Amino acid sequence: MFYALYFEIHHLVASAALGFARVAPIFFFLPFLNSGVLSGAPRNAIIILVALGVWPHALNEAPPFLSVAMIPLVLQEAAVGVMLGCLLSWPFWVMHALGCIIDNQRGATLSSSIDPANGIDTSEMANFLNMFAAVVYLQNGGLVTMVDVLNKSYQLCDPMNECTPSLPPLLTFINQVAQNA
């Protein structure tokens with residue numbers, strides 16, 4: 015009686031796994047969504063909910079979860095997710111590096127240069143500028159930008175079709191993301 019529901023859940027899990035492979039690197043790279051803020055099971059649940067929210071197909075269109083055809087799709091989605099995560103996270107990396115340079119020039123990280131084993135690992139100015147960039151990013155609609163980037167990435171590189179985006183739409187997409195970041 016519940017056998018059909020059992021097989022429908024497999025398609026749902028396959029869709030969630032493909033979506034998770036694209037969305038998870040973004041959550042891992044962004045400083046306001048990484049393990050320092052969200053940890054463990056709540057973060058994974060939020061990633062799956064976001065992934066299923068932006069999934070462009072019906073949930074029963076995914077390939078069977080245990081098929082060999084799923085492996086290249088998951089790898090492709092993970093590669094796209096890593097590229098999107100790097101693209102969305104570069105402003106935070108720049109601010110973190112700027113804070114490290116400022117702290118290095120004022121001598122705050124001198125202990126890590128003299129005694130690397132016992133010195134400090136990160137500078138306070140770097141953490142402050144990283145969180146400042148996160149506040150500015152979120153205040154200016156960063157989460158809306160992130161969801162918009164995910165939607166447009168599914169238009170450029172659909173997981174169920176051939177993923178060969180042409181260069182002009184890809185460059186326009188990267189330009190829009192860089193302007194919003």
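For the sequence shown, my numbering gives the first residue as 15, with consecutive numbering after it. Where a beta carbon is used, it is the ideal one built from N, C-alpha and C, also for glycine. Computed from a prediction, not measured in an experiment: that's the story for all the values here.
- In this structure, DSSP gives M139 a helical state, which the three-state scheme calls helix.
- When L89, E138, Q90, S126 are compared, the shortest CA-CA separation from M109 is found for E138.
- If you check the CB distance, A30 and L89 do not come in under 8 angstroms.
- Residue state for N175 is assigned as coil, using DSSP reduced to three classes.
- Here L170 really is in contact with P183; their C-beta atoms are around 6 angstroms apart, less than 8 angstroms.
- Using a Cβ distance threshold of 8 angstroms, L47 and F41 count as a contacting pair.
- Counting only runs of 4+ residues, the alpha helix (DSSP H) found wholly inside the stretch 65 to 137 occupies 84 to 119, 124 to 128, in chain order.
- Counting other Cβ atoms within 10 Å of its Cβ, Y151 reaches 16 or more and is therefore classed as buried.
- Approximately 5 angstroms separates the beta-carbon atoms of L26 and L73; this is inside 8 angstroms, confirming the contact.
- In the three-state scheme derived from DSSP, where H, G and I count as helix and E and B as strand, F21 is classed as helix.
- Shown here, S49 sits in coil according to DSSP, grouped into three states, outside any helix or strand.
- L170 carries a helical assignment under DSSP once its states are collapsed to helix, strand and coil.
- Here the C-alpha atom of N154 lies approximately 18 angstroms from the C-alpha atom of W107.
- If you compare the alpha carbons of I116, N144, L101 with that of F187, the shortest gap goes to L101.
- By the neighbour-count criterion, in which 16 or more other beta carbons inside 10 Å mark a residue as buried, P86 falls on the exposed side.
- Between the C-alpha atoms of L98 and A83 there is a straight-line separation of about 23 angstroms.
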